[in-house]
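Colleague:
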Amino acid sequence: MLEELKQKVLIANLKLVEYNLVTFTWGNVSGIDRDKGLMVIKPSGVKYEELTIDDLVVLDLQGNIIEGKLNPSTDTPTHLYLYNKYPDLGGITHTHSVYATSWAQAGLDIPPLGTTHADNFYGPVPCTPHLAMSKIKTNYEYETGVMIAKTFTTRSLDPQKMPAILCNNHGPFTFGNSPLASVEMAKVLEIVAQMAYQGYGLNQNTNKISQELLDKHYYRKHGETAYYGQPRKKL
Numbered sequence: 073m074l075e076e077l078k079q080k081v082l083i084a085n086l087k088l089v090e091y092n093l094v095t096f097t098w099g100n101v102s103g104i105d106r107d108k109g110l111m112v113i114k115p116s117g118v119k120y121e122e123l124t125i126d127d128l129v130v131l132d133l134q135g136n137i138i139e140g141k142l143n144p145s146t147d148t149p150t151h152l153y154l155y156n157k158y159p160d161l162g163g164i165t166h167t168h169s170v171y172a173t174s175w176a177q178a179g180l181d182i183p184p185l186g187t188t189h190a191d192n193f194y195g196p197v198p199c200t201p202h203l204a205m206s207k208i209k210t211n212y213e214y215e216t217g218v219m220i221a222k223t224f225t226t227r228s229l230d231p232q233k234m235p236a237i238l239c240n241n242h243g244p245f246t247f248g249n250s251p252l253a254s255v256e257m258a259k260v261l262e263i264v265a266q267m268a269y270q271g272y273g274l275n276q277n278t279n280k281i282s283q284e285l286l287d288k289h290y291y292r293k294h295g296e297t298a299y300y301g302q303p304r305k306k307l
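The numbers in this note's numbering rise by one with no breaks, and the one at position 136 of the sequence shown is 208.
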């Protein structure tokens, strides 16, 4: 079942190790088949060096296991909530990468300080508010997804233009149109987080990018007027 998608999800999870985004088993990647209404995700607590395609878990969008002998990632309810909320998402990555998680643990947005940030994120990468104690005690992982979506809504953000978010005291989630795209965004986020951290270390006075430069760099890579890269072939 879903062999092509499972292969993509397997490769994406292994890229977390290649890109130095995970320690031990601290991370997961999922992908979705919208036509079939099924999600594939890494199993919980399985070492990446031991991970095989047969270990991956297939679930429907209500959280029922359709295929797989292992328990899915404990973050599965978060992934499911976001897939149900945002029909354009094709892949979700969660890590505890050091720099992005440092901003999350500080409870701070990652500010747009330069063009590397602007190429990928249209504005500050948001950090969510704290989850209420009642939410933590009841359905924590599901409520994490709710809080992510609420933060996007409250701050009038679009996951397509802001494909990353920091969960307060927890870590980052990144999004893409495929499992691999979400992993690549996790790597970009980590680099941007490190640059911002080190930039503030050099100059504690804010040196945020101008709106004009932010617009220029974001829209030259994204949207109808983008001109970065080579022309796309017409299908």
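Glycine residues also receive a C-beta, built at the ideal position from the N, C-alpha and C atoms. Only a predicted model underlies this, so the values are computations on that prediction, with no experimental measurement involved.
Following the continuous beta strand (DSSP E) through E121, name the residue where it begins and the one where it ends.
Modeller: Mapped onto the sequence shown, residue 121 falls at position 49. No beta strand (DSSP E) holds E121; DSSP gives it neither H nor E.
Colleague: To the nearest angstrom, how far is it from the Cα of K280 to the Cα of H189?
Modeller: Locating residue 280 in the sequence shown gives position 208, counting from the first residue. Locating residue 189 in the sequence shown gives position 117, counting from the first residue. If you take the alpha carbons of K280 and H189, they lie about 11 angstroms apart.
Colleague: Could you work out which residue in S102, H168, L82 is closest to F96 when comparing CA atoms only?
Modeller: In the sequence shown, residue 96 corresponds to position 24, counting from 1. Cα-wise, what sits closest to F96 is H168.
Colleague: Do you know how far the Cα of E76 is from the Cα of G163?
Modeller: As a position in the sequence shown, residue 163 is number 91, starting the count at 1. As a position in the sequence shown, residue 76 is number 4, starting the count at 1. Near 14 angstroms, if we compare the C-alpha coordinates of E76 and G163.
Colleague: Could you give the first and the last residue of the continuous alpha helix (DSSP H) run that contains A253?
Modeller: Working through the sequence shown from its first residue, we reach residue 253 at position 181. Unbroken alpha helix (DSSP H) run through A253: 251-274.
Colleague: Contact check, A176 vs C239 under 8 angstroms by CB: the rounded distance?
Modeller: The count along the sequence shown starts at 1 and reaches residue 176 at position 104. The count along the sequence shown starts at 1 and reaches residue 239 at position 167. About 6 angstroms; that satisfies the 8 angstroms criterion.
Colleague: Which whole-angstrom value describes the C-beta separation of V130 and M73, a residue pair presumed to lie in contact below a C-beta threshold of 8 angstroms?
Modeller: Taking the first residue of the sequence shown as position 1, residue 130 is located at position 58. Taking the first residue of the sequence shown as position 1, residue 73 is located at position 1. That pair is a contact at about 6 angstroms.
Colleague: Let me confirm a value: E122 is counted as buried when at least 16 other C-beta atoms fall within 10 Å, else exposed. Which label applies?
Modeller: The residue labelled residue 122 in the question sits at position 50 within the sequence shown. Exposed, since its Cβ has fewer than 16 Cβ neighbours within 10 Å.
Colleague: Just to confirm, is the Cβ distance from L88 to A172 under 9 angstroms?
Modeller: Translated into positions along the sequence shown, residue 88 becomes position 16. Translated into positions along the sequence shown, residue 172 becomes position 100. Cβ atoms of L88 and A172: not closer than 9 angstroms.
Colleague: Select from N156, L274, Q266, S254 the residue whose C-alpha is nearest the C-alpha of H166.
Modeller: On the sequence shown, residue 166 is found 94 positions in, with the first residue counted as 1. Of the listed residues, the one whose Cα sits closest to H166 is S254.
Colleague: Count the other CB atoms, across all protein chains shown, that sit within 10 Å of the CB of S228; report buried if there are 16 or more and exposed otherwise.
Modeller: For the purposes of this step, residue 228 is identified with residue 156 of the sequence shown, where counting begins at 1. Label assigned to S228: exposed.
Colleague: Contact defined as beta carbons within less than 8 angstroms: I believe D191 pairs with K293. What is the distance between those atoms, to the nearest angstrom?
Modeller: Against the sequence shown, residue 191 aligns to sequence position 119. Against the sequence shown, residue 293 aligns to sequence position 221. That belief holds up - the Cβ atoms of D191 and K293 are roughly 6 angstroms apart, short of 8 angstroms.
Colleague: Roughly how many whole angstroms lie between the Cα atoms of E90 and A268?
Modeller: The count along the sequence shown starts at 1 and reaches residue 90 at position 18. The count along the sequence shown starts at 1 and reaches residue 268 at position 196. Between E90 and A268, the C-alpha separation is close to 23 angstroms.
Colleague: Can you give the Cα-Cα distance for P149 and T210, rounded to whole angstroms?
Modeller: Your numbering for residue 149 matches position 77 in the sequence shown. Your numbering for residue 210 matches position 138 in the sequence shown. Going by the C-alpha atoms only, they are around 13 angstroms apart.
Colleague: Roughly how many whole angstroms lie between the Cα atoms of N85 and D126?
Modeller: Along the sequence shown, one-based indexing puts residue 85 at 13. Along the sequence shown, one-based indexing puts residue 126 at 54. So the alpha carbons of these two residues sit roughly 14 angstroms apart.
Colleague: Using a 10 Å radius around the Cβ and a threshold of 16 neighbouring Cβ atoms, would you call D230 buried or exposed?
Modeller: Position 158 of the sequence shown, counting from 1, holds the residue named residue 230. Classification for D230: exposed.
Colleague: Going by alpha carbons, who is nearest to H242 out of K222, I138, W98?
Modeller: As a first step, residue 242 is located in the sequence shown; it is residue number 170 there, counting from the start. Looking at the Cα atoms, W98 is the closest of the given residues.
Colleague: Beta-carbon within less than 7 angstroms of Y299's beta-carbon, same chain only, minus the 5 sequence neighbours each way: which residues are those?
Modeller: In the sequence shown, counting from the first residue as 1, residue 299 sits at position 227. Cβ contact annotation for Y299 (same chain, cutoff 7 angstroms, sequence separation greater than five): R292, in chain order.
Colleague: With a Cβ-Cβ cutoff of 9 angstroms, do P244 and A221 count as a contact?
Modeller: The sequence position of residue 244 within the sequence shown is 172, counting from 1. The sequence position of residue 221 within the sequence shown is 149, counting from 1. Their beta carbons are not under 9 angstroms apart, which means P244 does not touch A221 by this criterion.
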